[in-house]
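**Q** The structure follows.
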Amino acid sequence: MRKRKQEEVGIEEWRKLYQAAREFYELAPWEWVTDADMFGVQDPETGEIGYLCMLGNAGQVVGLVAYLGREGYDSYLRIRAADLETFDWELAVAQRCLHLSFQDRDELTTRDLAVIRQLGLRFRGRGTWPVFRSLRPGYQPWYLEAGEARFLALALTQAQEVARRMADDPGLLDRVPPGYCLVRVLRDKGADNWKDEWLPLPPPPPMPGAEPLPRGLLSRLRRAARPLRGVWEVGMFVVPVLVTEELPGHYPAAVLCTYQRTGVVLDMAVKPYQERFQNLATWFAKVLEESTVDWPEEVWVRDPEVAVLLAPLLGRLEMQVVLTPELPALSEAQESVLRWLAGDTS
Numbered sequence: 001m002r003k004r005k006q007e008e009v010g011i012e013e014w015r016k017l018y019q020a021a022r023e024f025y026e027l028a029p030w031e032w033v034t035d036a037d038m039f040g041v042q043d044p045e046t047g048e049i050g051y052l053c054m055l056g057n058a059g060q061v062v063g064l065v066a067y068l069g070r071e072g073y074d075s076y077l078r079i080r081a082a083d084l085e086t087f088d089w090e091l092a093v094a095q096r097c098l099h100l101s102f103q104d105r106d107e108l109t110t111r112d113l114a115v116i117r118q119l120g121l122r123f124r125g126r127g128t129w130p131v132f133r134s135l136r137p138g139y140q141p142w143y144l145e146a147g148e149a150r151f152l153a154l155a156l157t158q159a160q161e162v163a164r165r166m167a168d169d170p171g172l173l174d175r176v177p178p179g180y181c182l183v184r185v186l187r188d189k190g191a192d193n194w195k196d197e198w199l200p201l202p203p204p205p206p207m208p209g210a211e212p213l214p215r216g217l218l219s220r221l222r223r224a225a226r227p228l229r230g231v232w233e234v235g236m237f238v239v240p241v242l243v244t245e246e247l248p249g250h251y252p253a254a255v256l257c258t259y260q261r262t263g264v265v266l267d268m269a270v271k272p273y274q275e276r277f278q279n280l281a282t283w284f285a286k287v288l289e290e291s292t293v294d295w296p297e298e299v300w301v302r303d304p305e306v307a308v309l310l311a312p313l314l315g316r317l318e319m320q321v322v323l324t325p326e327l328p329a330l331s332e333a334q335e336s337v338l339r340w341l342a343g344d345t346s
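Be aware that the sequence shown starts at 1, since it is given in the numbering used here, and climbs by one per residue.
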């Protein structure tokens, strides 16, 4: 897959994008298409597939989301599997997609409004003003780059084409074989000539690879070994505090280790979300070295990535890693941290 260089969106690219958004809004495909009706559009510039969902049928946000590539599709699956009755920071921050929503005017930023004024456009009424954003894991939603704007304009046009066909043929997407997705692919870059292809859905993203421990660390741990008793819990969560030293701002992740029996936090590290899995085994080894309590017989984790990264070290120390959805002590510690960040000292 080809990478695209970063560049500012030109005025004609903005014009095409806003025109595609206006036509999409006028068509109102959410009246007969649900957000579960997913299909793909291949980016002619990069070959990457955007997996599209039209929003609005549920009576909430109106717009379109293009989940980009394997990373984007994985974030789509996580959202589909979640309980959407409550807002989940972990899911929101982990998305990789391009997002169009139709908002009230007061939801737009000065930068959004400047482009609209430059184009001489007008939108009347509540929920009619297009807002375009690029979402990358760990970062605040940000403004589009030129290549993203070009692709989103194409995606909106192809979404209208598929929606019109679904109005006449509601079972269009039901005929796609299991494990495959209907993808709109440009036949000829010199002409606006698209075709349907049934392409396999992307596999899950690869697990992070285990990093080598610093030299001599394992020997030091064995010399400092303590009795193995009880359970420690290791997990991570997104800290809902936006760091804006550079733009776009990013959200950090907290990595916690708790002693299950007492709920005591043995250690907490804060790092950029994108780096949350880096040097995890080395960090945990440091927690063991500095521990004043017995070492764990079992280490409970809820993230498969954490299990994969800790398993080699724990195996050599004769500890077991247990993958479980519930981490009671760590969840309580997480709630305490979030209450403190919110200013609740009770």
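Positions of the beta carbon are idealized from the N, C-alpha and C atoms, including for glycine.
Using 8 Å as the threshold, is the C-beta distance between Ser101 and Val61 below it?
**A** yes
**Q** Between Ala155, Gln278 and Leu173, which has its C-alpha nearest Asp37's C-alpha?
**A** Leu173
**Q** Going by the beta-carbon positions, is the gap between Pro205 and Glu90 smaller than 8 Å?
**A** no
**Q** If you check the beta carbons only, do Gln42 and Val241 fall under 8 Å apart?
**A** no
**Q** Ignoring anything shorter than 4 residues, give me the alpha helix (DSSP H) runs that lie fully in the segment 212 to 270, in order along the chain.
**A** Counting only runs of 4 or more, we get 217 to 223.
**Q** Between which two residues does the beta strand (DSSP E) carrying Asp196 extend?
**A** Asn193 to Pro200
**Q** If you draw a straight line from the alpha carbon of Pro208 to that of Ala94, how long is it in whole angstroms?
**A** 16 Å
**Q** Is Gly40 helix, strand or coil when you go by DSSP?
**A** strand
**Q** Tell me Trp300's beta-bridge partners as DSSP assigns them.
**A** Glu233 and Val322
**Q** Cα-Cα, which of Pro29, Lys286 and Gly59 is closest to Leu156?
**A** Closest by alpha carbon: Pro29.
**Q** Nearest CA to the CA of Pro328: which residue from Trp232, Pro312 and Trp198?
**A** Trp232
**Q** So Val131 is in the beta strand (DSSP E); what residue range does that whole segment cover?
**A** Trp129 to Leu135
**Q** Just the C-alpha distance for Gly47 and Glu197, rounded to the nearest angstrom, thanks.
**A** 14 Å
**Q** Would you say Arg80 and Asp104 are within 8 Å of each other, going by their C-beta atoms?
**A** no
**Q** On the DSSP bridge assignment, give the partners of Leu100 in chain order.
**A** Leu64 and Phe132
**Q** So, at 8 Å on beta carbons, what are the nonlocal neighbours of Leu213 in its own chain, with the 5 sequence-adjacent residues on each side left out?
**A** The answer, listed in chain order, is Ala281, Thr282, Ala285 and Leu313.
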